[in-house]
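Colleague: This note's numbering numbers the first residue of the sequence shown as 129 and each following residue consecutively. Each residue gets a CB set at the ideal place from its N, CA and C atoms; glycine is no exception.
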Amino acid sequence: MRRVRFRHRGDSPHAIDSASAAVDRLVAVLSSGPSGATDDIVEDDATLIVDGGHPERSTSASGRTAALTGLRALMTPGVLPAVVSVNGAPGIVLVHGDSVVAVITVEIHDTAISSIWVVSAPEKLDRWQL
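1) So, using beta-carbon positions, are A174 and S242 closer together than 8 Å?
2) Who are the near neighbours of T187 in its chain, counting only those whose CB is closer than 6 Å to its CB and skipping five residues on each side?
3) Excluding five sequence neighbours on each side, which residues of the same chain lie with their C-beta closer than 6 Å to the C-beta of L208?
4) At a cut-off of 7 Å, is D152 close to the ligand FAD when judged by its beta-carbon and the heavy atoms of the ligand?
5) Would you say D145 and A240 are within 8 Å of each other, going by their C-beta atoms?
6) Run through the DSSP bridge pairs and tell me what D179 is partnered with.
7) By how many angstroms is the C-alpha of T193 removed from the C-alpha of R200?
8) Flag this pair as yes or no: are the beta carbons of I236 and I220 separated by less than 8 Å?
9) Go ahead and pull the three-state DSSP assignment for T197.
10) Rounded to the nearest angstrom, what separates V229 and G181 at their Cα positions?
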């Protein structure tokens, strides 16, 4: 498996439980479609960083609405989110057919997501299999 960053503040079981709950809620938000509610599980000033492998495929966004809009843009027809372990912590893969098209990790502050990292560079996903 490729290494993908996961960050949380604190190593307590509560921190991992908070991360699991946050990831589960983020999957629900992504699954609700493009007009789904913006969930308060993502902080108002959250950041989104997308590593597409090349500058023209990479982007970033600041703020809850912009971050969720950026994530929802990845949810093209046929793409499904799934909760997985990424480096031992809760994360999300976006799957299209048999292929992983993105890996998502988050940073938690208190109980909300403060940062979201997406790796969608094909050359970085070649070892991901479900």
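Modeller: Put simply:
1) Counting from one through the sequence shown, the residue named residue 174 turns up at place 46. Counting from one through the sequence shown, the residue named residue 242 turns up at place 114. Yes.
2) The residue you call residue 187 lines up with position 59 of the sequence shown. Cβ neighbours of T187 beyond the five flanking positions: V178.
3) Here residue 208 refers to the residue found at position 80 of the sequence shown. Cβ within range, chain order: V223.
4) This structure lacks the ligand FAD, and indeed carries no ligand of any kind.
5) As a position in the sequence shown, residue 145 is number 17, starting the count at 1. As a position in the sequence shown, residue 240 is number 112, starting the count at 1. It is not a contact, given that the beta carbons lie outside the stated cut-off.
6) Here the question's residue 179 lines up with position 51 in the sequence shown. Answer is V247.
7) Locating residue 200 in the sequence shown gives position 72, where the first residue counts as 1. Locating residue 193 in the sequence shown gives position 65, where the first residue counts as 1. Going by the C-alpha atoms only, they are around 10 Å apart.
8) For the purposes of this step, residue 236 is taken as residue 108 along the sequence shown, with counting starting at 1. For the purposes of this step, residue 220 is taken as residue 92 along the sequence shown, with counting starting at 1. No, the pair does not count as a contact, with Cβ atoms beyond the cut-off.
9) Residue 197 sits at position 69 when you count from the first residue of the sequence shown. T197 falls in the helix class under three-state DSSP.
10) Position 101 of the sequence shown, counted from the first residue, corresponds to residue 229. Position 53 of the sequence shown, counted from the first residue, corresponds to residue 181. Distance between the alpha carbons of V229 and G181: 12 Å.
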